[in-house]
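Going by my numbering, the first residue of the sequence shown is number 22, and it counts up by one from there.
Backbone N, C-alpha and C fix where the C-beta goes; we use that ideal spot for every residue, glycine too.
Bear in mind the structure is a predicted one, so any value in this text is a computation, not a measurement.
To start, the structure itself, in structure tokens.
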Amino acid sequence: MEEYKEIEKSIIKKYRKKIWGRFVRAVTDYQMIEENDHIAVCISGGKDSFLLAKCMQELKRHGKINFDLKFIVMDPGYNKNNRALIIKNAEKMNIPITIFESNIFDSVSALTEGNPCYLCARMRRGFLYSKAKELGCNKIALGHHFDDVIETILLSMFYGGEIKTMMPKLHSTNFENMELIRPLYYVKEHDIIAFQKTNNLEFLNCACRFTEHTETIDPSMSKRLEMKTLIHEMRQKSDYVDINIFKSIENVNLDAVIAYRKNGTKHSFLDDYKK
């Protein structure tokens with residue numbers, strides 16, 4: 022059996038409950054895909070986006086909804102080896118990718134202040150939306166997973182002073198009639214890592230030119246890594262702590278909240294207190 026077929030089989034069989042089932046449930050729960058959608062699956066070269074691409078292929082093959090797929094790879098300035106690895110993995114996994122170039126790494130590496138990762142992510146999003154629209158797509162699909170979601174919740178609380186999360190889908194504010202979806206919303210990172218190891222796959226981690234050449238960046242100072250480590254420690258004490266963090270954002274009890282914002286307007290519990 023060809024290697025890509027073994028990979029597909031592992032998603033449907035070995036990881037049917039932990040990856041495939043959760044992927045399908047997220048797509049269904051949040052109504053991410055509609056009839057005749059044209060979806061651009063954005064591949065960064067990492068494990069998450071490549072798994073997403075295979076899941077989307079399988080859903081198109083076995084699902085009941087008719088939709089089209091494009092698989093796009095933005096090269097923001099990868100070195101030759103990293104670009105070659107992406108192409109090799111796409112061929113191995115039978116994913117027909119379209120590669121296009123941008124100058125993001127040049128822009129980010131020239132940054133003298135601010136957060137380079139934030140800037141890079143914002144710029145990437147714009148280029149991906151633009152390319153997807155050029156290809157006739159109305160949605161882009163990103164590979165963010167369950168752990169990204171709960172890490173964002175804690176980051177917002179601890180460092181942003183607010184309660185919010187990474188949404189499963191959202192409308193673009195800059196590209197008319199475009200949406201972003203996150204079909205791996207329920208899939209846990211350790212299951213993605215297990216899938217990768219089972220199939221002996223090697224993916225890019227961070228191929229950013231900024232981190233390649235900047236010795237002063239200490240990964241231990243990353244706030245997201247800090248949240249990842251905290252959640253890992255909490256999981257050792259409870260099997261339910263991660264899902265409870267997730268549920269907290271969908272079980273908000275407004276009767277026990279001092280204030281909240283809706284459409285930019287702040288509302289206080291005092292507004293209705295006397296009533």
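Cα separation between His166 and Asp293? Their backbone Cα atoms lie some 38 Å apart in a straight line.
Quick check: the Cα distance between Ser193 and Leu201, rounded to an integer number of angstroms? Straight-line spacing of the CA atoms in Ser193 and Leu201 works out to 7 Å.
Would Phe92 pass as a contact of Asn57 if the rule is Cβ separation under 8 Å? For the pair Phe92 and Asn57, the CB atoms are not nearer than the 8 Å cut-off.
Tell whether a beta-carbon distance below 8 Å holds between Leu72 and Ile213. Going by C-beta atoms, Leu72 is nearer than 8 Å to Ile213.
Range of the contiguous alpha helix (DSSP H) that encloses Asp169: Taken as a continuous stretch (DSSP letters only), the alpha helix (DSSP H) holding Asp169 covers Phe167 to Gly181.
Between the beta-carbon of Met77 and the beta-carbon of Val62, is there less than 8 Å? Inclusion of Met77 and Val62 in the CB contact set at 8 Å is warranted, their separation being smaller than that value.
Could you tell me which residues DSSP puts in a beta bridge with Arg59? Residue identity check: residue 59 is His in the sequence provided, not Arg. Its beta-bridge partners are Asp89.
Proximity test, Gly157 beta-carbon vs the ligand HEM heavy atom, cut-off 7 Å: Summarising the ligand content, the structure contains no ligands, and the ligand HEM is consequently not present.
Candidates Ser65, Ile54 and Asp168: closest to Asn226 by CA position: Residue nearest to Asn226 within the set Ser65, Ile54 and Asp168 is Ser65 (criterion: CA-CA distance).
How is the alpha helix (DSSP H) around Ala277 delimited, first residue to last? Premise fails: Ala277 is in no alpha helix (DSSP H) and is neither H nor E.
Going by the beta-carbon positions, is the gap between Met199 and Lys160 smaller than 8 Å? Inclusion of Met199 and Lys160 in the CB contact set at 8 Å is warranted, their separation being smaller than that value.
Secondary structure at Val94, three-state DSSP: helix, strand or coil? Three-state result, Val94: strand.
Using the three-state DSSP reduction, which class does Glu122 fall into: helix, strand or coil? The three-state reading of DSSP puts Glu122 in strand, counting E and B together.
CB Ile31 to CB Phe216, shorter than 8 Å? Ile is not the amino acid found at residue 31; the sequence shown has Ser there. Between Ser31 and Phe216, the CB-CB gap stays under 8 Å.
Here's a check: name, in chain order, each residue in its chain whose Cβ is nearer than 8 Å to the Cβ of Ala280, leaving out the five neighbours to either side. The beta carbon of Ala280 lies closer than 8 Å to those of Lys287, His288, Ser289 and Phe290 in the same chain, with the five residues before and after it left out.
Using only alpha-carbon positions, find the residue among Met144, Pro189, Lys85 and Phe196 that is nearest to Ala162. Nearest of Met144, Pro189, Lys85 and Phe196 to Ala162, Cα basis: Pro189.
Beta-carbon proximity list for Leu275, same chain, < 7 Å, skipping 5 on both sides: So the qualifying residues of the chain are Tyr281.
Buried or exposed: Ser70, going by 16 or more other Cβ atoms within 10 Å of its Cβ? With 16 or more other CB atoms across the displayed protein chains lying within 10 angstroms of its CB, Ser70 is buried.
Can you grab the Cα-Cα spacing for the pair Ala142 / Pro97, in whole Å? A straight line joining the alpha-carbon of Ala142 with that of Pro97 spans about 11 Å.
Do you know whose CA, among Arg37, Pro204, Asn124 and Met144, lies nearest Ile60's CA? Measuring from the Cα of Ile60, the nearest candidate turns out to be Pro204.
Which two residues bound the contiguous beta strand (DSSP E) that contains Ile161? Lys160 to Ala162 is the extent of the beta strand (DSSP E) around Ile161.
If we count Cβ pairs, one from each stretch, closer than 8 Å, do we get three or more for the region 172-183 versus the region 106-115? The region 172-183 vs the region 106-115: no contact.
Looking at C-alpha atoms only, which residue of Ile86, Asn124 and Glu79 is the closest neighbour of Tyr99? Among Ile86, Asn124 and Glu79, the Cα nearest to that of Tyr99 is on Asn124.
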